[in-house]
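For reference, the structure discussed in these notes is given below.
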Amino acid sequence: MLAVDLGQDPEFAQLRDETRELALAAGFAVAGVMEARRVQPDRRHFIGAGKLAELKELMEACGAKVLVIAHAVSDGQHMRLGRELGCEVFDYPGLILTIFAKRAQTAEGKLQVELAQEIYGRAKLRGAWTHLERQRGGLGATGGPGERQIELDRRMIARRIKQLRRRLAKRHTHAQLVAAGRMKRLPTVALVGYTNAGKSTVFQALTKAAVPASARMFETLDTTTRQMHLGGGRCAALSDTVGFVRNLPHELVDAFRSTLNEAVEADLLLLVLDGQDRAGPAKLRTIQETLATIGAAGVPQLLLLNKLDLGQSPELLDSLRWDKMPFLSISALTGAGLQELRDRVAASLATPAAAVR
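Quick note: the sequence shown uses the numbering used here, first residue -7, plus one each step.
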């Protein structure tokens, strides 16, 4: 794994550790980690010639066949690194796409992942070797077979993207109609937050629904909606959404637009953070930036610090108090704070919750 500190990034350690977690989530065993420091990336290989030689030696010593990079790299850098090191290369967006491809279970989730892969460029995900061989197969003249193949590939990908968008639009329209009928007249609440903060466990605790919940990153890809009882015969529709991560690839934001729209269309957002995470302030910024990107920054919000049973980070608490940001500490595992959460949700919703029939 390669992690480069660009311009003395104060969140470099978080980026490095998080990329390692993502690599494990993608199914890789991390044999070694190389760190480097640069003011800006090298245009050809992202790192300089000296570090590239060190990286090659490290990979040979470890017997590593795959390089994971904690950054997004250009197509050219991706291709040249693979060629110089003789290995498969996954940059940060490619790594996240790989995890999404492994996690997708439903037909819609698989279509969204495929769309993201097409936008990102499948040739880049699978390595540039095949594409290079086709280019070398040209006669060297302008407009030769290699160049024509590139243009054919571009057109094929463009057609596939259009086709996938149409199929997803139809599925989303149908799902909206079904959900509208099922949750008619109910106000909507969406759980959003950093991946692996315990959103699905909170969802289970509030709805008693059996949904997958584990310590794996990006466990939830498909939105699940269930009734949340607020007391006094009232309820709301609660949705569990895909988790966020720093530098969430724009390809995923684009492809999962219909899923992320659950947050945009909600009456209230419950922002979930791991209360014991010292990196909580940075992760909260990521959540807020992502919400702004998808157009949900204006939706009313309530911040939840989950995992109260495991303690809370003094750094996170100090940061929230300094910013004068209100929050509620809960434990989805023990139930601590959940009744107060229901009360606050009921009070915060702009429209009256409907009575359960």
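Note that beta-carbon positions come from the ideal geometry of N, C-alpha and C, so glycine has one too. Remember, predicted model here, so these are calculated numbers, not experimental data.
In this structure, the alpha-carbon of Leu73 lies about 7 Å from that of Val81. For Thr326, no beta strand (DSSP E) segment is defined, and its DSSP state is neither H nor E. Leu265 is a Cβ neighbour of Lys275, given a cutoff of 8 Å. Nearest to Glu257 by alpha-carbon distance, out of Thr233, Arg277, Cys54, Ser192, is Thr233.
If you draw a straight line from the Cα of Thr326 to the Cα of Gln304, it is about 15 Å long. The alpha-carbon separation between Ala229 and Leu87 amounts to approximately 33 Å. Put simply, of Ala339, Ala324, Leu77 the residue whose alpha carbon is nearest the alpha carbon of Leu47 is Leu77. Taking the CA atoms as reference points, Tyr186 sits about 18 Å from Leu302. By the criterion of at least three beta-carbon pairs nearer than 8 Å, the segment 24 to 34 is in contact with the segment 49 to 59.
Around the beta-carbon of Gly190, 16 or more other beta-carbon atoms lie within 10 Å, marking it buried. Residue Arg334 holds the alpha-carbon nearest to the alpha-carbon of Leu320 among Arg334, Glu307, Asn253.
Secondary structure note for Val245: its alpha helix (DSSP H) is the uninterrupted segment 242 to 247. By the neighbour-count criterion, in which 16 or more other beta carbons inside 10 Å mark a residue as buried, Val65 falls on the buried side. Secondary structure at Ser192: helix, using DSSP grouped into helix, strand and coil. Contact check for Leu263 against Leu296 passes: the beta carbons are separated by less than 8 Å. DSSP places Phe4 inside the alpha helix (DSSP H), whose first and last residues are 4 to 17. DSSP places Gln69 outside any beta strand (DSSP E); the residue lies instead in the alpha helix (DSSP H), whose first and last residues are 67 to 77. One thing to note: Val(-4) has its Cβ no nearer than 8 Å to the Cβ of His70.
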